[in-house]
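Student: According to the working numbering, the sequence shown is numbered sequentially starting from 798. There's a structure below that I have some questions on.
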Amino acid sequence: MGTVLGTIERIWRYPIKSTGGEPLDEVAGDARGLVGDRLYAVRDAEGKFGSGKNTRRFRRMPGLLQLRSRYPGGAVTKFPELLDPDGVPVLDPTTYVRRYLGRNDVEVAREGTVSHFDQLPLSLLTTATLDWVRAAVPGVPVDERRFRPNLLVRTPPGTPAFVEDEWFGSAARIGGTLRIRFERSSERCVMTNEAQQDLPHSPLILRAIAQAHDMRLDALATVAQPGRVRLGDTVELT
């Protein structure tokens, strides 16, 4: 047996990029990542996707984090639902985001030839690192939603913060069949500070990560072998 890194505490999927996601009990993973994750995005007339930052591919669109998205009944065969800040599903996602953002040049679009992912398809975050962030910004509500991981890994007591760094270049098995390879970490942006649902805006979060860990936090991975991941599954180095 390999080294057990921890167990899956939470699973998150984000059907529409940069909106709040949906918690799952289990989901399939394939070469693209968790099935249906960030399959849709808010896209403007220049082909840039709504995000928390401005880059070659992304356009900053403040407010998207106050919305949530989910697949009706969990089935990815259907267009995802978009929920307003009160959690009420909207009738037409594109019509709603145009009014919500005050822009007539945006639409909710399915991924085409250009990937919706910021970097790699799968993000994992440990409870050890999350606990460090909480301790670094006392008084600021923090949970994993600020960092938008796909998988929150419950690590054993005494595990150091940023333990994810030790995994890069290694492979792991999650549950019975899913195999992944850890590649590198995400470089964080102002999105970690932004308000979303019951989490208030705070500039202290990104500042703490910048000072302690060069703006980097989590483990990005690729999928080496498709499979399913379930709550409680063991994450084990292979």
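All C-beta atoms in this analysis are idealised placements derived from N, C-alpha and C, irrespective of residue type, glycine included. Remember, predicted model here, so these are calculated numbers, not experimental data.
Taking residue 897 as part of the alpha helix (DSSP H), name the residues at either end of that continuous run.
Tutor: 890-898 is the extent of the alpha helix (DSSP H) around residue 897.
Student: Could you give the distance in angstroms between the alpha-carbon of residue 804 and the alpha-carbon of residue 891?
Tutor: Near 38 Å, if we compare the C-alpha coordinates of residue 891 and residue 804.
Student: Given this structure, state the Cα-to-Cα distance separating residue 918 from residue 823, to the nearest angstrom.
Tutor: Whole-angstrom Cα-Cα distance: 17 Å.
Student: Would residue 998 be called buried (16 or more neighbouring beta carbons within 10 Å of its own) or exposed?
Tutor: Looking at its Cβ environment, which holds fewer than 16 other Cβ atoms inside 10 Å, residue 998 is exposed.
Student: Considering only C-alpha positions, which residue in the set 881, 877, 940 and 859 is nearest to residue 900?
Tutor: The candidate whose alpha carbon is nearest that of residue 900 is 859.
Student: Since I believe residue 817 is in contact with residue 864 (beta carbons under 8 Å), could you give me their beta-carbon distance rounded to a whole number of angstroms?
Tutor: Their Cβ separation, rounded to whole angstroms, is 6 Å, which keeps residue 864 and residue 817 in contact under 8 Å.
Student: Leaving aside the five residues before and after residue 934 along the sequence, list all residues of the same chain whose C-beta is less than 6 Å from its C-beta, in chain order.
Tutor: Cβ neighbours of residue 934 beyond the five flanking positions: 1001, 1002 and 1005.
Student: For residue 894 and residue 922, what's the separation of their Cα atoms in angstroms?
Tutor: Taking the straight line from one Cα to the other gives about 30 Å.
Student: Which term fits residue 907, buried or exposed, when burial requires 16 or more other beta carbons within 10 angstroms of its beta carbon?
Tutor: Exposed, since its Cβ has fewer than 16 Cβ neighbours within 10 Å.
Student: With 16 other CB atoms within 10 Å as the buried threshold, where does residue 820 fall?
Tutor: With fewer than 16 Cβ atoms within 10 Å of its Cβ, residue 820 is classed as exposed.
Student: Keeping to the same chain, check which residues put their C-beta closer than 6 Å to that of residue 815; ignore five residues upstream and five downstream.
Tutor: Answer for residue 815: 847, 848 and 861, listed in chain order.
Student: Can you look up residue 1008 in the DSSP assignment and give me helix, strand or coil?
Tutor: Helix.
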